[in-house]
Amino acid sequence: MDPIRIGVVGMGKIARDQHLPAIAGNGAFSLAATVSPHDPGMPGVPHHRSLEALLDEGPAVDAVALCTPPQVRYDLAALALKSGIHVFLEKPPGATLAEVAALSARADKVGATLFAGWHSRFAAGVAPARAWLAERKIESVSVIWREDVRVWHPGQAWIWEPGGLGVFDPGINALSIITHILPRPFFLKSATLVLPANRAAPIAADLEFRDTAGAPISMDLDWRQTGPQSWDIIVETDAGTLKLSHGGAVLTIPSGTQHSEDHEYPGLYGRFATLIRGGRSDVDTDPLRLVADAFLRGRREITDPFHD
(Lines of atoms letter the chains of each structure in order from A and count residues from 1; the text may use other names and numbers.)
(Lines give C-alpha, C1' and ligand atoms only; values in the text may rest on other atoms or scores of the structure.)
Protein backbone atom coordinates (compact mmCIF):
# COMPACT_ATOMS: atom_id res chain seq x y z
CA MET A 1 0.00 0.00 0.00
CA ASP A 2 1.07 3.58 -0.59
CA PRO A 3 2.19 5.43 2.55
CA ILE A 4 -0.38 7.56 4.33
CA ARG A 5 0.51 11.18 3.57
CA ILE A 6 0.37 13.02 6.88
CA GLY A 7 0.62 16.66 7.87
CA VAL A 8 1.73 17.73 11.34
CA VAL A 9 -0.17 20.76 12.63
CA GLY A 10 1.56 22.60 15.48
CA MET A 11 5.33 22.39 15.53
CA GLY A 12 6.03 22.69 19.24
CA LYS A 13 8.08 20.51 21.55
CA ILE A 14 5.82 17.46 21.43
CA ALA A 15 5.75 17.45 17.63
CA ARG A 16 9.51 17.71 17.27
CA ASP A 17 10.42 15.40 20.14
CA GLN A 18 7.85 12.66 19.53
CA HIS A 19 5.62 12.90 16.46
CA LEU A 20 8.22 13.59 13.78
CA PRO A 21 10.59 10.77 14.88
CA ALA A 22 7.66 8.34 15.15
CA ILE A 23 6.43 9.22 11.67
CA ALA A 24 9.94 8.90 10.24
CA GLY A 25 10.26 5.45 11.80
CA ASN A 26 6.96 4.09 10.46
CA GLY A 27 6.85 3.03 6.82
CA ALA A 28 3.05 3.30 6.80
CA PHE A 29 3.40 7.11 6.81
CA SER A 30 5.19 9.78 4.84
CA LEU A 31 5.54 13.32 6.19
CA ALA A 32 3.84 15.42 3.52
CA ALA A 33 3.72 18.84 5.20
CA THR A 34 3.95 20.81 8.42
CA VAL A 35 1.80 23.68 9.68
CA SER A 36 2.66 26.42 12.16
CA PRO A 37 2.20 30.19 12.20
CA HIS A 38 5.53 30.65 13.99
CA ASP A 39 7.85 27.68 13.41
CA PRO A 40 9.64 27.55 10.02
CA GLY A 41 9.12 23.81 9.64
CA MET A 42 11.49 21.11 8.42
CA PRO A 43 14.09 21.41 5.63
CA GLY A 44 12.73 19.96 2.41
CA VAL A 45 9.17 19.52 3.75
CA PRO A 46 6.38 21.82 2.48
CA HIS A 47 5.29 24.21 5.21
CA HIS A 48 2.23 26.43 5.67
CA ARG A 49 1.21 28.95 8.30
CA SER A 50 -2.32 27.54 8.59
CA LEU A 51 -4.24 24.35 7.93
CA GLU A 52 -6.50 26.28 5.58
CA ALA A 53 -3.48 27.16 3.45
CA LEU A 54 -2.32 23.55 3.37
CA LEU A 55 -5.74 22.31 2.25
CA ASP A 56 -6.07 25.09 -0.35
CA GLU A 57 -2.57 25.00 -1.79
CA GLY A 58 -1.36 21.46 -1.18
CA PRO A 59 0.39 19.14 -1.12
CA ALA A 60 -2.42 16.63 -0.68
CA VAL A 61 -2.62 14.90 2.70
CA ASP A 62 -4.57 11.84 3.82
CA ALA A 63 -4.23 12.53 7.55
CA VAL A 64 -3.21 15.22 10.02
CA ALA A 65 -1.75 15.03 13.51
CA LEU A 66 -3.00 17.93 15.62
CA CYS A 67 -0.26 18.86 18.09
CA THR A 68 -1.73 22.24 19.03
CA PRO A 69 -3.06 23.31 22.43
CA PRO A 70 -6.49 21.72 23.01
CA GLN A 71 -8.33 25.05 23.08
CA VAL A 72 -7.96 25.48 19.28
CA ARG A 73 -8.14 21.86 18.22
CA TYR A 74 -11.85 21.53 17.50
CA ASP A 75 -11.92 23.95 14.56
CA LEU A 76 -8.82 22.37 13.05
CA ALA A 77 -10.18 18.84 13.38
CA ALA A 78 -13.58 19.85 12.00
CA LEU A 79 -11.91 21.48 8.98
CA ALA A 80 -9.86 18.37 8.26
CA LEU A 81 -12.81 16.02 8.68
CA LYS A 82 -14.88 18.18 6.32
CA SER A 83 -12.37 17.21 3.63
CA GLY A 84 -12.47 13.53 4.62
CA ILE A 85 -9.01 13.68 6.17
CA HIS A 86 -8.13 11.33 9.04
CA VAL A 87 -7.31 13.08 12.33
CA PHE A 88 -4.92 12.20 15.16
CA LEU A 89 -5.72 14.21 18.31
CA GLU A 90 -2.88 14.75 20.78
CA LYS A 91 -3.90 14.37 24.39
CA PRO A 92 -6.14 15.66 25.81
CA PRO A 93 -8.31 15.15 22.70
CA GLY A 94 -10.18 18.43 23.20
CA ALA A 95 -10.97 21.28 25.53
CA THR A 96 -14.39 19.80 26.35
CA LEU A 97 -16.15 16.45 26.17
CA ALA A 98 -18.86 17.93 23.94
CA GLU A 99 -16.27 19.02 21.37
CA VAL A 100 -14.84 15.52 21.13
CA ALA A 101 -18.31 13.98 20.86
CA ALA A 102 -19.15 16.34 18.00
CA LEU A 103 -15.92 15.45 16.20
CA SER A 104 -16.57 11.75 16.67
CA ALA A 105 -20.03 12.08 15.14
CA ARG A 106 -18.62 14.06 12.22
CA ALA A 107 -15.88 11.49 11.60
CA ASP A 108 -18.47 8.70 11.50
CA LYS A 109 -20.60 10.70 9.08
CA VAL A 110 -17.81 11.33 6.57
CA GLY A 111 -16.14 7.94 6.98
CA ALA A 112 -12.83 9.30 8.29
CA THR A 113 -10.74 7.98 11.18
CA LEU A 114 -10.59 9.98 14.42
CA PHE A 115 -7.99 8.84 16.93
CA ALA A 116 -7.61 10.13 20.48
CA GLY A 117 -3.95 9.39 21.16
CA TRP A 118 -3.33 8.45 24.80
CA HIS A 119 0.42 7.91 24.50
CA SER A 120 1.00 6.64 28.04
CA ARG A 121 -1.14 3.57 27.30
CA PHE A 122 1.63 2.48 24.95
CA ALA A 123 4.34 2.61 27.65
CA ALA A 124 6.15 -0.70 27.92
CA GLY A 125 4.69 -1.84 31.23
CA VAL A 126 1.05 -1.01 30.59
CA ALA A 127 -0.10 -4.00 28.51
CA PRO A 128 1.45 -6.62 30.82
CA ALA A 129 0.09 -4.75 33.85
CA ARG A 130 -3.42 -4.88 32.37
CA ALA A 131 -3.09 -8.61 31.73
CA TRP A 132 -1.78 -9.32 35.27
CA LEU A 133 -4.50 -7.28 36.97
CA ALA A 134 -7.30 -8.90 34.98
CA GLU A 135 -7.03 -11.97 37.21
CA ARG A 136 -6.62 -10.17 40.57
CA LYS A 137 -8.82 -8.64 43.20
CA ILE A 138 -7.99 -4.94 43.50
CA GLU A 139 -7.69 -3.78 47.10
CA SER A 140 -6.42 -0.21 46.62
CA VAL A 141 -4.67 2.03 44.10
CA SER A 142 -2.32 4.95 44.70
CA VAL A 143 -1.19 7.34 41.94
CA ILE A 144 1.70 9.74 42.58
CA TRP A 145 2.35 12.04 39.63
CA ARG A 146 4.70 14.84 40.69
CA GLU A 147 6.94 16.87 38.40
CA ASP A 148 8.50 20.30 38.01
CA VAL A 149 6.40 22.42 35.65
CA ARG A 150 9.35 24.75 35.01
CA VAL A 151 11.33 21.83 33.58
CA TRP A 152 8.62 20.15 31.54
CA HIS A 153 6.40 23.05 30.44
CA PRO A 154 8.56 26.19 30.33
CA GLY A 155 6.82 29.27 28.96
CA GLN A 156 3.64 27.41 27.95
CA ALA A 157 1.09 30.04 28.91
CA TRP A 158 -1.82 28.17 27.28
CA ILE A 159 -1.53 25.34 29.79
CA TRP A 160 -2.60 27.69 32.61
CA GLU A 161 -5.64 29.02 30.75
CA PRO A 162 -9.19 27.59 30.79
CA GLY A 163 -9.10 24.41 28.72
CA GLY A 164 -5.37 23.98 29.27
CA LEU A 165 -6.00 21.73 32.32
CA GLY A 166 -2.99 22.82 34.39
CA VAL A 167 -1.52 19.93 36.37
CA PHE A 168 -4.09 17.62 34.77
CA ASP A 169 -2.21 17.95 31.47
CA PRO A 170 0.38 15.44 32.75
CA GLY A 171 -2.03 13.94 35.29
CA ILE A 172 -4.39 12.83 32.54
CA ASN A 173 -1.61 10.48 31.41
CA ALA A 174 -1.96 8.61 34.70
CA LEU A 175 -5.73 8.52 34.26
CA SER A 176 -5.30 7.16 30.75
CA ILE A 177 -3.27 4.30 32.21
CA ILE A 178 -5.48 3.37 35.15
CA THR A 179 -8.71 3.56 33.13
CA HIS A 180 -7.01 1.06 30.80
CA ILE A 181 -5.45 -1.38 33.26
CA LEU A 182 -7.99 -1.59 36.09
CA PRO A 183 -10.60 -4.31 35.51
CA ARG A 184 -13.56 -2.28 36.83
CA PRO A 185 -14.83 1.26 36.18
CA PHE A 186 -14.22 3.90 38.84
CA PHE A 187 -15.60 7.30 39.67
CA LEU A 188 -14.70 10.45 41.60
CA LYS A 189 -15.67 10.83 45.27
CA SER A 190 -13.84 14.05 46.18
CA ALA A 191 -11.21 16.45 44.85
CA THR A 192 -9.18 19.42 46.04
CA LEU A 193 -7.68 21.64 43.35
CA VAL A 194 -4.88 24.06 44.27
CA LEU A 195 -4.76 27.13 42.02
CA PRO A 196 -2.09 29.85 41.99
CA ALA A 197 -3.63 33.25 42.64
CA ASN A 198 -2.62 34.45 39.16
CA ARG A 199 -3.65 31.36 37.13
CA ALA A 200 -6.91 29.82 35.93
CA ALA A 201 -5.79 26.19 36.13
CA PRO A 202 -4.52 24.10 39.07
CA ILE A 203 -0.89 23.56 39.99
CA ALA A 204 -1.75 20.60 42.25
CA ALA A 205 -4.66 18.30 42.99
CA ASP A 206 -5.64 15.58 45.44
CA LEU A 207 -8.36 13.21 44.25
CA GLU A 208 -10.19 10.26 45.73
CA PHE A 209 -11.97 7.73 43.54
CA ARG A 210 -13.73 4.43 44.19
CA ASP A 211 -14.25 1.55 41.81
CA THR A 212 -17.57 -0.24 41.43
CA ALA A 213 -16.49 -2.92 43.94
CA GLY A 214 -15.55 -0.32 46.55
CA ALA A 215 -11.75 -0.32 46.17
CA PRO A 216 -10.28 3.13 47.00
CA ILE A 217 -8.12 4.95 44.44
CA SER A 218 -6.10 8.01 45.49
CA MET A 219 -4.33 10.41 43.17
CA ASP A 220 -1.66 12.98 44.12
CA LEU A 221 -0.80 15.46 41.36
CA ASP A 222 1.71 18.25 41.88
CA TRP A 223 3.66 20.53 39.55
CA ARG A 224 5.88 21.90 42.32
CA GLN A 225 8.18 18.88 42.62
CA THR A 226 11.90 19.56 42.67
CA GLY A 227 14.64 16.96 42.51
CA PRO A 228 13.59 13.45 41.46
CA GLN A 229 10.30 13.34 39.58
CA SER A 230 7.56 10.82 40.35
CA TRP A 231 5.26 9.10 37.85
CA ASP A 232 4.14 6.04 39.80
CA ILE A 233 1.03 3.85 40.02
CA ILE A 234 0.83 1.33 42.88
CA VAL A 235 -1.90 -1.31 42.93
CA GLU A 236 -2.42 -3.51 45.97
CA THR A 237 -4.07 -6.82 45.11
CA ASP A 238 -4.86 -10.17 46.69
CA ALA A 239 -1.75 -11.54 44.95
CA GLY A 240 0.66 -8.80 46.01
CA THR A 241 1.71 -5.36 44.82
CA LEU A 242 1.96 -4.13 41.25
CA LYS A 243 3.92 -0.95 40.56
CA LEU A 244 4.22 0.98 37.33
CA SER A 245 6.97 3.58 37.53
CA HIS A 246 8.60 6.07 35.15
CA GLY A 247 5.19 6.82 33.64
CA GLY A 248 4.45 3.19 32.88
CA ALA A 249 7.81 2.24 31.40
CA VAL A 250 8.87 -0.02 34.29
CA LEU A 251 6.61 -2.75 35.69
CA THR A 252 7.25 -4.47 39.01
CA ILE A 253 5.12 -7.41 40.15
CA PRO A 254 5.86 -10.08 42.78
CA SER A 255 7.74 -12.19 40.22
CA GLY A 256 10.15 -9.39 39.29
CA THR A 257 10.74 -6.15 37.38
CA GLN A 258 10.42 -5.63 33.64
CA HIS A 259 12.32 -2.89 31.81
CA SER A 260 11.76 -2.15 28.13
CA GLU A 261 12.64 0.61 25.68
CA ASP A 262 10.20 3.48 25.19
CA HIS A 263 7.79 2.90 22.31
CA GLU A 264 4.87 5.14 23.19
CA TYR A 265 4.67 7.29 20.06
CA PRO A 266 5.72 4.53 17.65
CA GLY A 267 2.91 2.52 19.23
CA LEU A 268 0.46 5.38 18.69
CA TYR A 269 1.33 5.68 15.03
CA GLY A 270 1.12 1.94 14.57
CA ARG A 271 -2.38 2.09 16.02
CA PHE A 272 -3.33 5.09 13.86
CA ALA A 273 -2.24 3.29 10.69
CA THR A 274 -4.23 0.19 11.67
CA LEU A 275 -7.35 2.28 12.30
CA ILE A 276 -7.04 4.09 8.97
CA ARG A 277 -6.50 0.87 7.02
CA GLY A 278 -9.48 -0.70 8.78
CA GLY A 279 -11.79 2.29 8.38
CA ARG A 280 -12.31 2.66 12.13
CA SER A 281 -11.99 5.31 14.86
CA ASP A 282 -10.80 5.14 18.48
CA VAL A 283 -12.06 8.02 20.61
CA ASP A 284 -11.91 7.07 24.29
CA THR A 285 -12.88 10.04 26.48
CA ASP A 286 -12.83 8.29 29.88
CA PRO A 287 -9.66 10.07 31.12
CA LEU A 288 -11.00 13.48 30.07
CA ARG A 289 -14.37 12.72 31.67
CA LEU A 290 -12.70 12.09 35.03
CA VAL A 291 -10.83 15.39 34.75
CA ALA A 292 -14.10 17.16 33.94
CA ASP A 293 -15.65 15.57 37.03
CA ALA A 294 -12.76 16.88 39.13
CA PHE A 295 -13.33 20.43 37.89
CA LEU A 296 -17.09 20.05 38.41
CA ARG A 297 -16.91 18.64 41.92
CA GLY A 298 -13.53 19.79 43.20
CA ARG A 299 -12.99 22.20 46.08
CA ARG A 300 -10.67 25.12 45.18
CA GLU A 301 -7.77 26.34 47.28
CA ILE A 302 -5.80 29.44 46.30
CA THR A 303 -2.05 29.49 46.82
CA ASP A 304 0.78 31.94 46.06
CA PRO A 305 1.07 33.32 42.52
CA PHE A 306 3.13 31.24 40.09
CA HIS A 307 6.02 32.83 38.20
CA ASP A 308 7.67 30.84 35.41
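The opening position of the sequence shown corresponds to residue 287 in the numbering used here, with each subsequent residue numbered one higher. Note that beta-carbon positions come from the ideal geometry of N, C-alpha and C, so glycine has one too.
Around the C-beta of L451, are 16 or more other C-beta atoms found within 10 angstroms, so that it is buried, or is it exposed?
With 16 or more Cβ atoms within 10 Å of its Cβ, L451 is classed as buried.
With a threshold of 16 other CB atoms inside 10 Å of the CB of T543, please say whether the residue is buried or exposed.
exposed
How about G556 and N312: are their beta carbons less than 8 Å apart?
yes
Would you kindly check if the distance between the Cβ of G344 and the Cβ of V321 is under 8 Å?
no
Grouping DSSP H, G and I as helix and E and B as strand, with all else coil, what is S462?
helix
Please give the ranges of any alpha helix (DSSP H) in the segment 355-408, keeping only runs that are unbroken, at least 4 residues long and fully inside the region.
359-368, 383-396
From what residue to what residue does the alpha helix (DSSP H) around V435 run?
Annotation for V435: the continuous alpha helix (DSSP H) segment containing it runs 435-438.
Residue ranges of each beta strand (DSSP E) run of no fewer than 3 residues wholly in the segment 521-590, ordered along the chain?
526-531, 536-539, 542-545, 585-589
Closer than 6 Å by C-beta to L461: which residues in its own chain qualify, once you throw out the five before and the five after it? Chain order, please.
P573, L576
Give the straight-line distance between the Cα atoms of E587 and I503, rounded to the nearest whole angstrom.
22 Å
Exposed or buried, what is T465 when buried is set at 16 or more other beta-carbons lying within 10 Å of its beta-carbon?
By the neighbour-count rule (16 or more Cβ atoms within 10 Å), T465 is buried.
Whose C-alpha, out of A364, A402, G411, is nearest the C-alpha of R392?
Distances from the alpha-carbon of R392 to those of A364, A402, G411 put A364 closest.
According to DSSP, is R335 helix, strand or coil?
coil
So, using beta-carbon positions, are V536 and G411 closer together than 8 Å?
yes
Using the DSSP secondary-structure output, state which residues sit across from F315 in a beta bridge.
I290
Could you pull the start and end residues of the alpha helix (DSSP H) that L419 belongs to?
412-419
Taking three-plus beta-carbon pairs below 8 Å as touching, is the segment 526-535 in contact with the segment 393-400?
no
Use the C-beta contact count for H372: other C-beta atoms within 10 angstroms, 16 or more gives buried, fewer gives exposed.
buried
From E447 to A486, what does the alpha carbon distance come to, in whole angstroms?
Going by the C-alpha atoms only, they are around 5 Å apart.
Pick helix, strand or coil for A490, following the three-state DSSP scheme.
strand
Would you check if there are 3 or more beta carbon pairs closer than 8 Å linking the segment 506-515 to the segment 419-432?
yes
May I ask which residues mark the beginning and end of the beta strand (DSSP E) holding P482?
According to the DSSP assignment, P482 belongs to the beta strand (DSSP E) that extends over 472-482.
Using the Cβ count rule (16 or more neighbours within 10 Å means buried), how would you classify M297?
buried
Does the beta-carbon of E547 have 16 or more other beta-carbons within 10 angstroms, so that it is buried, or is it exposed?
So E547 ends up on the exposed side.
In the DSSP output, what is W517 paired with across the bridge?
W431
From the DSSP output, in three-state form, read off E620 for me.
Only positions 287 to 594 of the chain appear in the structure, and residue 620 is not among them; the question remains open.
To which residues of the same chain is G449 closer than 7 Å at the C-beta, ignoring the five residues directly before and after it?
P356, Q357, A381
Secondary structure at P456, three-state DSSP: helix, strand or coil?
helix
Taking the alpha-carbon of H405 as reference, which of Y360, L375, S426 has the nearest alpha-carbon?
L375
Following the continuous alpha helix (DSSP H) through K309, name the residue where it begins and the one where it ends.
Reading the sequence as shown, one finds Ile at residue 309 and not Lys. For I309, the enclosing alpha helix (DSSP H) starts and ends at 306-310.
Per DSSP, which one or two residues make a beta bridge with H320?
This sequence places Thr at residue 320; His is not what is there. V294, H333.
Taking the C-alpha atoms as reference points, what is the distance between L530 and F558?
25 Å
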